[in-house]
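Asks:
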Amino acid sequence: MKQGVLVTGGTGYIGSHTVVELIEAGYEVIIVDNLSNSEESVIDGIEAITGVRPDFVKADCRDIVALEELFDKGKFNSIIHFAAAKAVGESVEKPLEYYHNNLLSLINIISLMRKYNVPNLVFSSSCTVYGQPDVLPATEQTPRLEAESPYGNTKRISEDIIRDSVKAYGTIKSIALRYFNPIGAHPSALIGELPRGVPNNLLPYVTQTAAGIREVLSIFGDDYNTPDGFCIRDYIDINDLAAAHVAALDRMIGSKMKESYEVFNIGTGRGVSTMEIVKTFEKVNDLNLNYRITGRRAGDIEAMWADPTYANEELGWYARKSLYETLRSAWKWQQRLSGLEISKD
Ligand code: NAD
Ligand code: UDP
0 MKQGVLVTGG TGYIGSHTVV ELIEAGYEVI IVDNLSNSEE SVIDGIEAIT GVRPDFVKAD
60 CRDIVALEEL FDKGKFNSII HFAAAKAVGE SVEKPLEYYH NNLLSLINII SLMRKYNVPN
120 LVFSSSCTVY GQPDVLPATE QTPRLEAESP YGNTKRISED IIRDSVKAYG TIKSIALRYF
180 NPIGAHPSAL IGELPRGVPN NLLPYVTQTA AGIREVLSIF GDDYNTPDGF CIRDYIDIND
240 LAAAHVAALD RMIGSKMKES YEVFNIGTGR GVSTMEIVKT FEKVNDLNLN YRITGRRAGD
300 IEAMWADPTY ANEELGWYAR KSLYETLRSA WKWQQRLSGL EISKD
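If you're matching positions, the sequence shown starts at 0 in numbering that gives the first Met the number 0 and goes up one per residue.
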């Protein structure tokens, strides 16, 4: 019989790609999302790619009564919890909304896991918990630093809530995945990222500039202490990131965990500068990007990349896509969104 998985935030960017991977791996998926940052039409894209239409319930994870109806039906024994608000800048302006949404949703999920004896939880954490480490690449042992934003703090507190709950209650196992910088889209260009308003992240700003929606990309700072002076990040293909969730679930369900609470870095292990992204994007998509170099962005860390060895060895998971493929997929998705002719491979 197929294993059931509840995916909260499953119509979002990372959630939707993970649902595709789960369906392709033979899991039965139930999505719950309040559509605060996504659209129900994403389900059509998932169905077009996989041939399977996952169950979808529009509900808010802060609403424990609505969530309990799902648990009551008993169709899953694992949960992947993506649902959260994620805009760093907005979280500084509206901290209570961020703590309320991100923490209450998680607390509701764990409470119901206890009540209904649901054992497995995969949680979306972030490399933001490391801040700017003294030593790179970051391993899972790299100390977590005080968060720079309320959003980052919700990830740190969420990890602690999960760790403490696993320890205290004995019935729950959990894997927290610390994502580095997810970029790109499904190669079919049927699902991808749907940024609302002016994008904060690099890749949607790049693709929107290429599509003429934004006039010029600002590259924030060229005077960092890095080989080319630009900031460095570990850009992980969204499809590779999605596959890491399947590997984590397989590990939990297959009783392969060494501890009841485990943490994995999900990155490529390769640091890439902002200028390298821009130049590679231009090259692989055969276009010129309008950009200018401006001053640093407040709060930016200089350099960050993962040591993914632990995930490679324990999850058997590897980042497989090349930056070339990823930046092609990002542009094809933007072409679809903008109604442009989609480039052929
Ligand atoms: P996203 O906004 O595209 O997806 C999140 C989804 O959760 C959205 O569909 C939204 O409608 C839904 N949601 C939010 N609050 C909800 C609630 N209370 N109840 C039900 N649904 C709710 O974001 P994403 O990029 O796919 O991120 C998914 C998870 O990964 C988040 O927890 C995010 O913090 C984390 N994460 C993201 C990144 C990144 O760069 N995208 C990096 C590290 C961690
Ligand atoms: N960046 C940039 N211009 C933009 C958006 C981002 O130069 O319009 C840079 C940013 O300074 C950082 C990198 O791109 O060095 C990644 O930024 P993003 O916001 O995507 O991720 P994060 O900083 O959260 O890792």
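We put the CB at the ideal spot given by N, CA and C, even for glycine.
1. Which whole runs of the alpha helix (DSSP H) in the region 250 to 295 are 4 residues long or more, in chain order?
2. Who pairs with Ile-29 in a beta bridge, going by DSSP?
3. Regarding Ile-13 and ligand 1, is the C-beta to nearest heavy atom distance less than 8 Å?
4. Could you spell out where the alpha helix (DSSP H) holding Pro-149 opens and where it closes?
5. Is the number of C-beta pairs between the region 75 to 90 and the region 12 to 28 that are closer than 8 Å three or more?
6. Starting from Tyr-178 and walking both ways along the beta strand (DSSP E), at which residues does that stretch end?
7. Between the Cα of Gly-50 and those of Tyr-26, Ile-22, Glu-258 and Ser-35, spot the shortest distance and give me the residue it belongs to.
8. Give me, in chain order, the residues of the same chain whose beta-carbon lies closer than 8 Å to that of Ala-188; leave out the 5 immediate sequence neighbours on both sides.
9. Between which two residues does the beta strand (DSSP E) containing His-80 stretch?
10. Quick one: is the Cβ of Asp-32 within less than 8 Å of any heavy atom of ligand 1?
11. Count the C-beta pairs between the region 226 to 245 and the region 287 to 303 that are closer than 8 Å, then say yes if the count reaches three, no if not.
12. Would the beta-carbon of Ser-77 fall within 9 Å of that of Gly-3?
13. Please name the residue, chosen from Gln-140, Lys-255 and Ser-125, that lies closest to Gly-151 on a Cα-to-Cα basis.
14. Quickly, what does DSSP pair Asn-238 with across the bridge? List them, please.
15. Rounded to whole angstroms, what is the Cα-Cα separation between Leu-120 and Lys-154?
16. Report all residues from its chain with a CB closer than 6 Å to the CB of Asn-284; omit the five preceding and five following residues, and keep chain order.
17. Distance, Cα to Cα, His-99 vs Pro-149?
18. Using DSSP's beta-bridge definition, name the partner residues of Arg-232.
19. With Val-128 as the anchor, note down where its alpha helix (DSSP H) starts and where it stops.
20. On the DSSP letters alone, give me the boundaries of the beta strand (DSSP E) that Ser-217 sits inside.
21. Report back the beta-carbon spacing between Ile-174 and Phe-263 to the nearest angstrom; my notes put them in contact at under 8 Å.
22. What residue range is occupied by the uninterrupted alpha helix (DSSP H) comprising Pro-198?
23. Which residue's Cα is closest to the Cα of Phe-179: Glu-313, Phe-70, Leu-66 and Ala-318?
24. Okay, do the region 126 to 137 and the region 56 to 65 touch, 3+ Cβ pairs below 8 Å being the bar?
25. Restricting to runs no shorter than 3 residues, where is the beta strand (DSSP E) found entirely within the region 63 to 112?
26. Would you identify the three-state DSSP class for Ser-123, choosing helix, strand or coil?
27. According to DSSP, is Ala-243 helix, strand or coil?
28. Counting Cβ pairs closer than 8 Å, one from the region 199 to 219 and one from the region 269 to 289, do we hit at least three?
Replies: Inspection of the coordinates gives the following:
1. With a minimum length of 4 residues, the continuous alpha helix (DSSP H) runs that stay inside the region 250 to 295 are 273 to 284.
2. In the DSSP secondary-structure assignment, Ile-29 is bridged to Leu-5 and Asp-54.
3. With a threshold of 8 Å, the Cβ atom of Ile-13 counts as near ligand 1, since some heavy atom of the ligand is closer than that.
4. From DSSP, the alpha helix (DSSP H) with Pro-149 extends over 149 to 168.
5. Yes, they touch.
6. Run containing Tyr-178: 172 to 178, per the beta strand (DSSP E) assignment.
7. Residue nearest to Gly-50 within the set Tyr-26, Ile-22, Glu-258 and Ser-35 is Ile-22 (criterion: CA-CA distance).
8. Closer than 8 Å at Cβ, skipping near neighbours: Ser-328, Lys-331, Trp-332, Gln-334, Arg-335 and Ile-341.
9. Element bounds for His-80: 77 to 80.
10. Indeed, a heavy atom of ligand 1 lies less than 8 Å from the Cβ.
11. Yes, they touch.
12. Result yes, Cβ atoms of Ser-77 and Gly-3 sit closer than 9 Å.
13. Shortest Cα-Cα distance from Gly-151 to any of Gln-140, Lys-255 and Ser-125 involves Ser-125.
14. In the DSSP output, where bridge partners are listed per residue, Asn-238 has none listed.
15. Our two residues, Leu-120 and Lys-154, have alpha carbons roughly 15 Å apart in a direct line.
16. Here the set comprises Trp-330.
17. Distance between the alpha carbons of His-99 and Pro-149: 11 Å.
18. Per DSSP, Val-271.
19. For Val-128, there is no enclosing alpha helix (DSSP H), as DSSP marks it with neither H nor E.
20. In the DSSP assignment, Ser-217 falls within the beta strand (DSSP E) that extends over 216 to 219.
21. In this structure Ile-174 is in contact with Phe-263, their Cβ atoms being roughly 7 Å apart against a cut-off of 8 Å.
22. Counted as a single uninterrupted DSSP element, the stretch harbouring Pro-198 is not any alpha helix (DSSP H), since DSSP gives it neither H nor E.
23. Considering only alpha carbons, the answer is Ala-318.
24. No: the two stretches stay apart, fewer than three of their Cβ pairs being nearer than 8 Å.
25. Secondary structure within the region 63 to 112: the beta strand (DSSP E) runs of 3 or more consecutive residues, fully enclosed, are 77 to 80 (chain order).
26. Of the three classes helix, strand and coil, the one that applies to Ser-123 here is strand, per DSSP.
27. Helix, per DSSP.
28. Yes: the two stretches touch, three or more of their Cβ pairs being nearer than 8 Å.
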